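Report on the structure given below.
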Amino acid sequence: MSSTYLSFFRQLRFWGVHIAAIIGIVVFGWTIESVLCCFLLYVVRMFGVTAGYHRYFSHRSFKTSRWFAFFLALLAQSSGQRGVIWWARNHRHHHRYSDKPQDLHSPQQNGFWHAHIGWIFHDEAYEYHKNVSDLERFWELKLLDRYPMAPAIILGFICWLLLDWSGLFVGFFLSTVLLFHGTFTINSLAHVWGSRRYKTKDTSRNNWFLALLTLGEGWHNNHHHYMRSARQGFFWWEFDPTYYALIVLSWMRIVWDLRSVPDKFKTPA
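Rendered as structure tokens:
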């Protein structure tokens, strides 16, 4: 299959979700239930992306059981942001080459829109890198990664089944679009807009507004300074709901060994 055809198919699928959300809302309208569904699916799936794809599978910043790891992968993959191994592989690649020419989504190298959206349409994002062998040991993760859109399709069907067409278009499609762009702001805006507490080798920024949108991911300069921490809001005043949820889960012994930030890394150099 040619590179041009694959790029077209990826764009068609991505923009098709946007078009479905817009047309569906116009044709079928919305209900209180569908709006509530949209909000809940945004928050819950954003947690799947931030706690699962990012802090667990990409950075191993805490430990959990195999069944809960699978649940996190399934939840995150229902966001429509490709498979768990694909996501972790590209994110680890980003940290290795952050804002360098090899970085797949650096606004400094290829511009804002490429960093925000464009990179996912290019073949480079689908090249194999030998940086996820720890994840490839698990057959269930490899199975999920082989069928990246399956969890999202099943979730969309459930939304339609429970809440009719407004549940599908508002509850599922609209929340998926918002989730796309909420997540993608970290690749784009969090390397352009905000403050820099730490002198990292990239252009990562801390941005409180993006932290609100992404359940704590907006403390991006903190994260690039010390990526192994389960906590991205290094200080109490830095809002990090993903970390708070992980703390609650640790009380329930569902997760454990949450990596914290050593005091020596909190002080700017």
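Numbering (my numbering), first residue to last: 443 to 711.
Note that beta-carbon positions come from the ideal geometry of N, C-alpha and C, so glycine has one too.
Treat the numbers as computed from the prediction; the structure is a model and nothing was measured.
Rounded to the nearest whole angstrom, the C-alpha separation of Asn-649 and Tyr-640 is 13 angstroms. Taking C-beta separations shorter than 7 angstroms and ignoring five residues to either side along the sequence, the partners of Pro-543 in its chain run Gln-551, following chain order. By the 16-neighbour rule on beta-carbons within 10 angstroms, Val-690 is exposed. The residues Ser-476, Cys-479, Cys-480, Leu-483, Cys-601 and Leu-605, in chain order, have a CB closer than 7 angstroms to that of Gly-613 in the same chain once the five nearest residues on each side in sequence are set aside. For the set Ser-520, Ile-596, Trp-607 and Asp-644, the Cα lying nearest the Cα of Val-468 is the one of Trp-607.
Note that the region 519-529 touches the region 576-592; at least 3 beta-carbon pairs, one per stretch, sit closer than 8 angstroms. The C-alpha of Leu-654 lies about 10 angstroms from the C-alpha of Glu-680.
In terms of CA proximity to Trp-561, Ser-548 leads the group Leu-657, Lys-643, His-571 and Ser-548. In this structure the region 485-505 does not lie against the region 553-572, because fewer than three pairs of beta carbons, one per stretch, are closer than 8 angstroms. It is roughly 11 angstroms from the alpha-carbon of Ala-493 to the alpha-carbon of Leu-700.
Judged by beta-carbon spacing, Val-485 lies beyond the 7 angstroms limit of Arg-531, meaning their Cβ atoms are not closer than that value. The alpha helix (DSSP H) runs lying completely inside the region 535-563 and spanning 4 residues or more are 549-552 and 554-558, given in chain order. At a Cβ-Cβ threshold of 7 angstroms, His-533 and Ser-500 count as neighbours.
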